[in-house]
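One structure is given here, and the rest of the page talks about it.
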Amino acid sequence: MNYVEYTDIFSREDIIPSAGIKDNLLLFDTFNGINPLEQLSNAISTKIYQRLSLYVTDGECQLIINGQEETIGKNTFVTIMPENTLQIRFHNPDIQYFMFVTYPKVSNQIYHETGITYSNARLSLRHFISPLSSQQLADVLQIYKDIKRDLQAPDYEFRNVYISSLLNALMIKNINIHNYNPLPLEGDSSSRQYDVYCKFLSLLNKHAIQQRTVQYYAECLGISSKYLSFVCTSYSKKNASAWIDEAVIQKAKAMILVHHYSLGETSEALHFPTVSSFSRYFKRVTGITPKDFANSKTL
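Every letter in the sequence shown is one number past the one before it in numbering that gives the first Met the number 0, and letter 59, counting from 1, is 58.
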């Protein structure tokens, strides 16, 4: 049984962004007759570690965010914070939208430059949906077009500074549209510790199918298991072991409900020695057996 999951649905080779910098900032839109949501909708429900900002200007789409179905209509803006589970259930064929995807390091650089801090622990696993007035839509669309234009243009002196200033302005506008107050960060986003935290999440998303020990990820990062758990707790109030359990269970749930794997196939795909050991692990983490979960029909 060969289970295939893209570790980053936004960097799939067959999904070409309108503009961007790989693993930093990606822009997607329908302005040239391309519909990235169509391609993204083929991906299974998967955890994302980026911040997604989607502006729908016409039509409608349905997203499942952490198991919660949300309908996003015309002139609506949605922000999905990192660590959410995302699946695209439906969208109109003629939907029109533009979308920013910012990776953790870029997002936190913007927060730092604008004097904004936020709590990973208190804002993660959240999403915000707000209507857009005509003026708000015009403002954010102009910023989007300016960033896209300069990303596509030949390099010039101070280009990165100019793009950074535009991203800062966009972040402020987005916060004002959603009208939420940034919260104190649980750790320093400019520190080496935060780099370790982000790299751990990336490794986890890629290797959780096969690797379930803190020691494995600590060795990949060249640090001790104790230090890795300390860093994770500093930024998310969850230690490394809890993160690993959550990632494994999320993949197991997707296999069972999305791919319709049997418990035996799921156990094998996740490299458990027996179905019984997988069932015990699943129940320890979730409180229910995988069989009961499969019967519940919900992520």
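Backbone N, C-alpha and C define an ideal beta-carbon position, used for all residues, glycine too.
Please report the straight-line C-alpha distance between residue i and residue j, rounded to a whole angstrom.
i	j	result
I248	D93	36 Å
V274	Y280	10 Å
I222	Y155	39 Å
N107	I171	13 Å
H258	V213	28 Å
S276	F9	33 Å
I146	Y96	16 Å
T232	G32	44 Å
I20	S52	16 Å
L184	N23	Confidence at L184 is low in this model, with a pLDDT of 46, below 50, so its placement is unreliable and the value that follows should be read with caution. L184 and N23: Cα-Cα distance of roughly 21 Å.
N159	V139	19 Å
I208	S132	44 Å
K250	N178	33 Å
Q192	P153	34 Å
K282	D244	11 Å
E69	A253	19 Å
A246	V105	23 Å
Y226	Q135	44 Å
Q67	F157	42 Å
H126	I79	4 Å
L182	G286	With a pLDDT of only 48 at L182, under 50, the local geometry of the prediction cannot be trusted, and no value is derived from it.
R50	T101	5 Å
S201	A137	35 Å
Could you spell out the range, first to last residue, of the beta strand (DSSP E) harbouring residue i?
i	result
E69	67–71
T84	84–90
F97	95–101
I64	60–64
I79	75–79
F30	Note, F30: premise wrong, no beta strand (DSSP E); not H, not E.
Check the C-beta distance from residue i over to residue j and give it rounded, since I have them as a contact under 8 Å.
i	j	result
Y216	F199	6 Å
L150	A18	4 Å
G58	N34	Incorrect: roughly 10 Å between the Cβ atoms, too far for contact.
L36	I87	6 Å
I47	P81	7 Å
N74	P130	6 Å
To which residues of the same chain is residue i closer than 6 Å at the C-beta, ignoring the five residues directly before and after it?
i	result
S261	none
N65	N83, T84
F89	Q61
V77	L53, I71, I128
H270	Q209
Y196	V230, Y234
V284	D244, I248
S40	I87
In chain order, what residues of the same chain have a beta carbon less than 8 Å from the beta carbon of residue i, not counting five sequence neighbours either side?
i	result
I255	L262, T265, P289, F292, A293
Y143	L26, D28, Y54, F97, F99, L169
D13	Q38
S224	V213, Q214, A217, A239
Where does the unbroken alpha helix (DSSP H) through residue i begin, and where does it stop?
i	result
D57	Run containing D57: none in the alpha helix (DSSP H); it sits in the beta strand (DSSP E), 50–57.
D291	289–295
P16	Where P16 is concerned, there is no enclosing alpha helix (DSSP H), given that its DSSP letter is neither H nor E.
Can you give me the Cβ contacts of residue i inside the same chain, cut-off strictly under 7 Å, excluding the 5 residues immediately before and after it?
i	result
Y161	D149
P16	L25, L26, F27
W242	L203, C231
G186	Annotation note: pLDDT 48 at G186 (below 50); position unreliable, coordinate value reported separately. So the list reads Q192, Y193, S233, Y234, once near-sequence residues are dropped.
Please tell me whether residue i has its Cβ less than 9 Å away from any Cβ of chain B.
i	result
I109	No chain B is present in this structure, which holds just one protein chain.
Going along the chain, which unbroken runs of the beta strand (DSSP E) with 3 or more residues stay wholly within the region 130–212? Runs found: none.
Suppose only complete runs of 4+ residues qualify. What are the alpha helix (DSSP H) ranges in the region 223–278, listed by chain order? Taken in chain order, the unbroken stretches of alpha helix (DSSP H) that lie wholly in the region 223–278 and span 4 residues or more are 224–235, 239–256, 262–268.
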